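Novice: Sharing a structure, written as structure tokens. Questions coming.
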Amino acid sequence: MRGLLSGIAALSLLVACGGASGGGAPATKTGEDIILGAPLSLTGSSSKEGALAKQGYDMWLTWINQQGGINVKGVKHKVQIKYADDQSKSDISAQLTQSLITDQKVQFLLGPYGSGPTAADAVIAEKNSIPMVEGNGAAQAIFSKGYKYTFGVLSPANKYLQGVLDLAATLSPKPSTIAMLAADDSFSQEVAAAVNDYAPTKGFTVVYSQKYPNGSTDVSSLVAAAKAKSPDMVLNSGHLAEAIAINKAAKDLQLNAKLFAYSVGPSTPDFVNALGKDSYYVMDGSQWTPQVKYKPSFYLSVADYVAAYRSQFNSQDDPDYHVAESTAACLALQKAIENAGTVTNADKVRDALAALDVMTFFGEIKFDGRGVNVTKPMVVEQIQTDGKHHTVYPADVADKPAQYPTPAWSQR
Amino acid sequence: MSEAAFSTQPSRAGRRVRRLILVVFLVAVAVVLVLPLTLTQPAADANLDPETLGIDFAINKSIVRTETTIAMFVALAAAWNLIGGLTGYAAFGNVAFFGLGAYTVGFLTDKQHLSFALALPLAPVGAAAFAGLIGLPLLRLRGHYFAIATLGTGIAVGEVIKNIDAFGGGTGLFPPILRHADALFFYLMAANAGLAVLVTWLVLRSRFGYGLIAIRENEEAASVLGVNTTAYKVGAFALAAALTGLAGGIFAQWSSFIDQESVFPVQYNVQMILMAILGGAGTLFGPVAGAIALEWLILALAGGGTSSVYAQIGLGVLLAVTVIFVPRGVVDFFGGSSRLSLGYFRRSLRETSV
Amino acid sequence: MSLLVQQLILGLMLGGVYVAVAIGFSLVWGILNIVNLAHGALVVVGMYATWYLFTHLGLDPFLTLPVDAAVLFLVGYALQRGVINRVIRAPLFFTLLLTFGINLVLINLFLLWFKADFRSVTTAYSGAGLDVGSITIPYIRLAALGIALLLAGAVGYLMNRTRTGFAIQAVGADKDAAQLVGIDLRHVYALTFAVGAACAGVAGGLLSTIQAISPTAGEPYTLQAFVVVILGGLGRVSATVVGGLLFGLIEVLAQSQVPGLGAGWSNAIAFAVLVLVLVLRPQGLLGRPA
């Protein structure tokens, strides 16, 4: 194995020298495949989201191999992604990550779905000094431990509902009170804590703030208690099942807030399918929508990305942000490898990631000292009465104004 | 006469087989124990080529990780055996002790910045103390009630901890990463497993052990004969808790990340029980064999996507088959006088069917 | 004050759901001494059955309930007769393990057939409710409570006024004596389990109108059924009704009225109740002492 790698290193060097002295010769040499590892929730409680993440990874994989591979100093290397199903469990994810590194000889890692598995896998990445770029674990706790090898392209958890609050501050009649319902997992709690901190700065008061067990299906007593405080806005940070439950309970109990915003759920097709018309007017803080207007420096434009998604997966739906953020993780890794000019020196790629600053269809990707992408803003989208998702904030990417206030249930 | 199949006196052929199996087993264990030493420990300041280092290092890491997980389950199954197999009190919530041990180490190393060496001994202590505390009321229950009460406790402990922010709340705890320590963790887990087996062996030969078995066979009679059933039961429970908690403590540092979901998984309860029963509840090596076989299988099948779903179905079917056809466990064939045959299965079936 | 009343009403309606789920569970436990860890999965079968009939045949969910009962009756009979009957005479926790295994198999079969998608049964009248001042009483939940009580009544009638019921009770009291008087044990066992499963099916049908359906949606209900049965006691339908309603009230009130205790503690509360009752009064509120 050692011999083979030095052989490749020598070959690459030769090619590079040959290319430099030759001058003008096109980079058509093909090198060894680059192997990436991706532990993902293909089954288990997060399998829906895991499937979306896989779509995101596959979209980039198809495109990069169509281009001939990642360009490392003039030599193109095609890419393979080895997937492993971690069943949405963090200890299995860690085991599989190690196995991907040791047995499958992956050279870099793409992140799993969910903050728990991401935290567990970050440890493995750190222990093995293998860079991991992830797009699906937003809890900041992962990035506060001084890990050097994990990078997250998505905006951190505390930003998820800030955009909604910013938008709400511009609406008229301006809402003033908030009911915050949050699941008790780390991601949701960070979102909620950020809301509690940020709301007063915008002139809002949080009149009700409660956490509930992750995955709860009956939240009616919470919703009843929230209703008693007559909140203008009902915010939730949690997951798909709970978003559905809260919306249903709000209708059952006639909780008529002016604005409903959930952190996870409304962006997925399942939400609309499960609730039908009851899903209208609901907003969510989104990492990305098809209406953003970023001009990428490489890879596809936003419009092309949407078209490519529809054709690759034979679907009428737009890609939701879980897909986009996963593709973005691949893009960051690709750029870093290209900038570092090496595939075999993991530390150089890690440094290239730390220094990365690039604009993509997903937004700007630039990591701070902890490995978090703080440069990309969240957008707010809303399911409007035409049954479609529209971006409503910030103004420069919005394609429709927000439909506000939400009419009472009995009037819909 | 047909009861001869279930007599506990091994035949001469049975004894020879038993000795052979034991030898093979010990050789395998020796190999497994020595293998991790081949993991090179690169000096942090060595100016060695990173790729070279990475490859040499990585060759055994995954195997060592697998071995460590298997050793962990050997300890869990053997520990459960003390309360479930020997004493006959089927605890369905031992994962609570695992989680408590893990959180003890996690809390002390992450939030209190204690070293792992100092924190680890407190894991079994805390778990055993908790077991002693709730054991007193819980062990007054029998049968289903005891099983459910322990199941409930197992879940409740995890929930309570998750709600306490000082213990990490929903986020979890992050013990500082110990690098280049994969072999160390394997040896720690293996030592814990060995300790569990040793303790079982000692218990089986002691008055304490006879008392426990007496409680299992007929608790009223045991009490009448002078066995302090409460003290013995709580003792077994606490002992099982200590060994389980120790495994949890090692796990916490090994994975450097724990949260309620990862260290209080309800499925672990069933896994450790199935391992003990599949191997042979109440025996010395039964849980060991069951744990090795089952965990190896589970790990081998992980990662495949839809195959994990089939693997779970297989696990469920295995549970059913074990309970129906092989209730005494596989160890019954090795050295017991039972021979692997269709007749054995038919007899097992008839014994328990309505 | 009106919030308290609202919570009380919600608690009762939640209790109604618990009663529906726990009736079958209690029957199987009380008569067969089987704690069915797959009960939640059987409820989910009912959920999917109703969903299927609702989406593909347009049947109103409340009309699908008899179908759910029939389907689960057959499934339950087959399970008991074919599988669980084989370990009846084994140590108790063997049946626990067996039913856990059945649970695993069922959940993963759901995953294979239905994927992890969330499905929903949303009728035109969902969300409609009775408004009394600031209190809302959703019609669907009210209906669910009513049907749960009817179900309990039906099971009670079966057990106490029919020959089948007498046979079942006889088997529960002393299976060997029952066999001696000519009762076919295997059949009655299977019948009992089938009735329990049918109740689970009805409960699933009711639940599908209230919450999202997914392969693991039944898990919490198995554990909650434990608490209900322990709280109320074994042996009588009325005990389960009392236990279910009371538990619903306890959950809702504990979360909303006790300061510092939020919904995050709901499972912990459930099990605190469980353990307390087991230790202080193991036969439950209305059960017969062991």
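Protein sequence lines, in the order shown, are assigned to chains Z, R and X.
Just so we're aligned: the first sequence equals residues 1 to 412 in the numbering used here.
Just so we're aligned: the second sequence equals residues 413 to 766 in the numbering used here.
Just so we're aligned: the third sequence equals residues 767 to 1056 in the numbering used here.
Cβ atoms here follow ideal geometry from the backbone N, Cα and C, with glycine treated the same way.
The structure presented is a predicted model; accordingly, all values stated were derived computationally and were not measured.
If you compare alpha carbons, which of X/L1046, X/L1019, X/G967, X/L946 is closest to X/V813?
Specialist: The residue you asked about is not Val; residue 813 of chain X is Met in the sequence shown. That would be X/G967, whose Cα lies nearest to the Cα of X/M813.
Novice: Is DSSP giving X/N799 helix, strand or coil here?
Specialist: Three-state result, X/N799: coil.
Novice: If you draw a straight line from the C-alpha of Z/G69 to the C-alpha of Z/V79, how long is it?
Specialist: If you take the alpha carbons of Z/G69 and Z/V79, they lie about 6 Å apart.
Novice: Using a Cβ-Cβ cut-off of 8 Å, state whether X/S886 counts as contacting chain Z.
Specialist: Cβ-Cβ to chain Z under 8 Å: yes for X/S886.
Novice: 8 Å is my cut-off, CB to CB: does Z/I244 come that close to chain R?
Specialist: It does not; no Cβ of chain R falls within 8 Å.
Novice: Using a Cβ-Cβ cutoff of 8 Å, what residues of the stretch 735-765 of chain R are near chain X? List them in chain order.
Specialist: Correct list: V735, I736, P739, L761, E763, T764, S765.
Novice: Where DSSP assigns a beta bridge to Z/N71, which residues make up the other side?
Specialist: Z/N71 is bridged to Z/K76.
Novice: Contact between the stretch 496-505 of chain R and the stretch 684-700 of chain R: three or more CB pairs below 8 Å?
Specialist: At 8 Å Cβ cutoff, the stretches touch.
Novice: Return the residue from the list R/I710, R/G716, R/M687 that minimises the CA-CA distance to R/G702.
Specialist: Ranking the options by Cα distance to R/G702, first place goes to R/M687.
Novice: Buried or exposed for R/A529, going by 16 or more other Cβ atoms inside 10 Å?
Specialist: Per the 10 Å Cβ criterion, exposed.
Novice: Thinking just about the alpha-carbon of each residue, which of R/G606, R/F519, R/G638 is nearest to the one in R/R619?
Specialist: It is R/G638.
Novice: What in chain R is Cβ-close to Z/G436, meaning under 9 Å?
Specialist: The question about residue 436 of chain Z has no answer, for chain Z in this structure spans 1 to 412.
Novice: With H, G and I counted as helix, E and B as strand and the rest as coil, what does DSSP make of Z/S286?
Specialist: Note: Z/S286 maps to strand in three-state DSSP.
Novice: By the criterion of Cβ-Cβ separation under 8 Å, what are the contact partners of X/D867 in chain R?
Specialist: A small correction: the amino acid at residue 867 of chain X is Gly; Asp does not occupy that position in the sequence shown. In chain order: L727, G728, V729, L730, L731, A732, V735.
Novice: For a cutoff of 8 Å on Cβ pairs, would you count R/T565 as touching chain Z?
Specialist: With 8 Å as the cut-off, R/T565 does not count as an interface residue toward chain Z.
Novice: So, are the CB atoms of X/L997 and X/F1013 less than 8 Å apart?
Specialist: Contact: yes.
Novice: Between Z/A261, Z/V374, Z/L36, which has its C-alpha nearest Z/Q403's C-alpha?
Specialist: Z/Q403 has its Cα closest to that of Z/A261, out of Z/A261, Z/V374, Z/L36.
Novice: What residues of chain R sit near X/Y955, judged by a beta carbon separation below 8 Å?
Specialist: By Cβ distance, chain R contributes V766.
Novice: Does any residue of chain R have a CB that is nearer than 8 Å to the CB of X/V811?
Specialist: It does not; no Cβ of chain R falls within 8 Å.
Novice: Does the distance from the CB of Z/A120 to the CB of Z/S90 come in under 8 Å?
Specialist: Closer than 8 Å, so yes.
Novice: Output the distance between the C-alpha atoms of X/G922 and X/S768, rounded to the nearest integer angstrom.
Specialist: If I take the Cα positions, the gap works out to 35 Å.
Novice: Of all the residues that make up the stretch 825-849 of chain X, which are near chain R by a beta-carbon distance shorter than 8 Å?
Specialist: Listed by position along the chain: V849.
Novice: Can you give the Cα-Cα distance for Z/S12 and Z/A141, rounded to whole angstroms?
Specialist: With a pLDDT of only 41 at Z/S12, under 50, the local geometry of the prediction cannot be trusted, and no value is derived from it.
Novice: To which residues of the same chain is R/V569 closer than 6 Å at the C-beta, ignoring the five residues directly before and after it?
Specialist: Excluding residues within five positions, the ones whose Cβ falls inside 6 Å are A508.
Novice: Quick check: the Cα distance between Z/D317 and Z/Y299, rounded to an integer number of angstroms?
Specialist: Looking at the two C-alpha atoms, the distance is approximately 21 Å.
Novice: Quick check on R/P536: does DSSP put it in helix, strand or coil?
Specialist: Note: R/P536 maps to helix in three-state DSSP.
Novice: Using the beta-carbon of each residue, which ones in chain Z are nearer than 7 Å to X/S1022?
Specialist: Result: S221, A225.
Novice: Could you tell me which uninterrupted alpha helix (DSSP H) segments, each at least 4 residues in length, are contained entirely in the stretch 638-687 of chain R, listed from first to last along the chain?
Specialist: Within the stretch 638-687 of chain R, the complete alpha helix (DSSP H) runs of at least 4 residues are 641-667, 672-675.
Novice: Could you tell me the boundaries of the alpha helix (DSSP H) in which Z/N373 lies?
Specialist: Premise fails: Z/N373 is in no alpha helix (DSSP H) and is neither H nor E.
Novice: Can you look up X/V947 in the DSSP assignment and give me helix, strand or coil?
Specialist: Residue state, collapsed to three classes: coil.
Novice: What does R/N506 reach in chain X if we use C-beta pairs closer than 7 Å?
Specialist: Residues of chain X passing the Cβ test: none, with the nearest at roughly 13 Å.
Novice: Below 8 Å between beta carbons: does that hold for R/G715 and Z/L331?
Specialist: In this structure, Z/L331 does not lie closer than 8 Å to R/G715 by Cβ.
Novice: Quick one: grab the DSSP three-state call for X/S768.
Specialist: Note: X/S768 maps to helix in three-state DSSP.
Novice: On the DSSP bridge list, what partners appear for Z/P39?
Specialist: Beta-bridge pairing links Z/P39 to Z/A84.
Novice: What residues of chain Z sit near X/S980, judged by a beta carbon separation below 8 Å?
Specialist: Here the neighbours are A241.
Novice: Look up Z/Q140 in the DSSP assignment and say whether it is helix, strand or coil.
Specialist: It is helical.
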